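What follows is the structure, encoded as structure tokens:
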């Protein structure tokens, strides 16, 4: 018959001690891994806090001067007459405009109040330019804006001149006249962009003589 009697007490005690020893080793290993690994979520939070702090510091040091340029960066149809620079929240300190192919500088002037800049002459048609504008806000913090653009080509533009010039004295029958340097095919569109006003309220009626 099989022996169903329990083993002696000393044998059960030794097995119990071995089991407790193994459990203690596993617990110690888990503690060691935990100590080496650290708290991942805490590290991520610290990183986010540091990034947020850096962003806040950068925003605090950023200049309040905002520079705007009429010609968009990379434009290929920029105006030869309306290119200019303006600034809000500060004053322009320097503006440099050069032709990209030969470095020829285009002279210009900054307004007395430092709010704007414009070239002293009409830009060349179909020409690539590079512009760098610098400004400072009331705290002396600098701002810079860069632009590279190409003016409208001769094929896609025309130049108009007008008479009489400002300040001239003329007779009562003198017309206000516009003349263009090439044939105008869409007269209606061109005429829609011309506005004439008078201090007396005199109504002005336009009429074309030829196609220019």
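Residue numbers (our numbering): -3 to 208.
Here a beta-carbon is modelled for each residue, glycine too, at the ideal position from N, C-alpha and C.
Source: prediction; values computed, not measured.
Exercise. Which residue from 154, 117, 81 puts its Cα closest to that of residue 111?
Worked result: The residue you call residue 111 lines up with position 115 of the chain shown. Among 154, 117, 81, the Cα nearest to that of residue 111 belongs to 81.
For this session: Compare the beta carbon distance of residue 139 and residue 63 with 7 Å and say whether it is the shorter of the two.
Result: Working through the chain shown from its first residue, we reach residue 139 at position 143. Working through the chain shown from its first residue, we reach residue 63 at position 67. Yes, the Cβ-Cβ distance between residue 139 and residue 63 is below 7 Å.
Exercise. Is residue 176 closer than 7 Å to residue 154 when the C-beta atoms are compared?
Worked result: Here the question's residue 154 lines up with position 158 in the chain shown. Here the question's residue 176 lines up with position 180 in the chain shown. Taking 7 Å as the Cβ cut-off, residue 154 and residue 176 qualify as a contacting pair.
Exercise. If we count the other Cβ atoms within 10 Å of its Cβ and call it buried at 16 or more, is residue 67 buried or exposed?
Worked result: The count along the chain shown starts at 1 and reaches residue 67 at position 71. Residue 67 should be labelled buried.
Problem set entry | Whole-angstrom distance between residue 57 and residue 192, CA atom to CA atom | Position 196 of the chain shown, counted from the start, is the residue given in the question as residue 192. Position 61 of the chain shown, counted from the start, is the residue given in the question as residue 57. Residue 192 and residue 57 have their C-alpha atoms some 48 Å from each other.
Problem set entry | Through-space distance from residue 172 to residue 196, alpha-carbon basis | By one-based count along the chain shown, residue 196 stands at place 200. By one-based count along the chain shown, residue 172 stands at place 176. So the alpha carbons of these two residues sit roughly 15 Å apart.
Exercise. In chain order, which beta strand (DSSP E) runs of at least 3 residues are fully inside the segment 138 to 201?
Worked result: 138 to 146, 156 to 159, 173 to 176
Exercise. DSSP state of residue 97, grouped into three classes?
Worked result: Numbered from 1 along the chain shown, position 101 holds the residue referred to as residue 97. Residue 97: coil per DSSP, three-state reduction.
Exercise. Is residue 143 closer than 7 Å to residue 65 when the C-beta atoms are compared?
Worked result: Working through the chain shown from its first residue, we reach residue 65 at position 69. Working through the chain shown from its first residue, we reach residue 143 at position 147. The answer is yes: Cβ separation under 7 Å.
For this session: Would you identify the three-state DSSP class for residue 57, choosing helix, strand or coil?
Result: If you number the chain shown from 1, residue 57 lands on position 61. Three-state DSSP puts residue 57 in a helix.
Problem set entry | Span separating the alpha-carbon of residue 161 from that of residue 59 | Here residue 161 corresponds to residue number 165 of the chain shown, with the count starting at 1. Here residue 59 corresponds to residue number 63 of the chain shown, with the count starting at 1. Answer to the nearest angstrom: the Cα atoms are 43 Å apart.
Problem set entry | Other residues of its chain near residue 31: CB distance less than 8 Å, five sequence neighbours each side excluded | Here residue 31 corresponds to residue number 35 of the chain shown, with the count starting at 1. In this prediction, residue 31 scores a pLDDT of 48, lower than 50, which makes its location untrustworthy; no coordinate-derived value is stated.
Exercise. What residues in its chain sit with their C-beta under 7 Å from that of residue 61, if we drop five residues either side in the sequence?
Worked result: The residue given as residue 61 occupies position 65 in the chain shown. Here the set comprises 83, 85, 86, 131, 132, 133, 139.
Exercise. For the candidate residues 117, 127, 105, whose alpha-carbon lies nearest to that of residue 95?
Worked result: Numbered from its first residue, the chain shown carries residue 95 at position 99. Checked all of 117, 127, 105; the closest Cα to residue 95 is 127.
Exercise. Excluding five sequence neighbours on each side, which residues of the same chain lie with their C-beta closer than 6 Å to the C-beta of residue 74?
Worked result: Position 78 of the chain shown, counted from the start, is the residue given in the question as residue 74. Result list for residue 74: 67, 145, 147, in chain order.
Exercise. Beta carbon of residue 88, beta carbon of residue 106: below 7 Å?
Worked result: For the purposes of this step, residue 88 is taken as the residue at position 92 of the chain shown. For the purposes of this step, residue 106 is taken as the residue at position 110 of the chain shown. Between residue 88 and residue 106, the gap from beta carbon to beta carbon is short of 7 Å.
For this session: Keeping to the same chain, check which residues put their C-beta closer than 7 Å to that of residue 79; ignore five residues upstream and five downstream.
Result: Start at 1 with the first residue of the chain shown, and residue 79 comes out as number 83. Counting only Cβ-Cβ distances below 7 Å, and skipping sequence neighbours, we find 66, 67, 115, 119.
Problem set entry | Nearest neighbour of residue 208, chosen from 165, 156, 168, 170 [CA to CA] | Numbered from 1 along the chain shown, position 212 holds the residue referred to as residue 208. Considering only alpha carbons, the answer is 156.
Exercise. Near residue 91, which residues of its chain fall below 8 Å by C-beta distance, leaving aside the five closest residues on each side in sequence?
Worked result: For the purposes of this step, residue 91 is taken as the residue at position 95 of the chain shown. Result list for residue 91: 81, 104, 106, 113, 127, 128, 129, 130, in chain order.
Exercise. Helix, strand or coil: how does DSSP classify residue 130 here?
Worked result: Within the chain shown, numbered from 1, the residue matching residue 130 stands at position 134. Strand, per DSSP.
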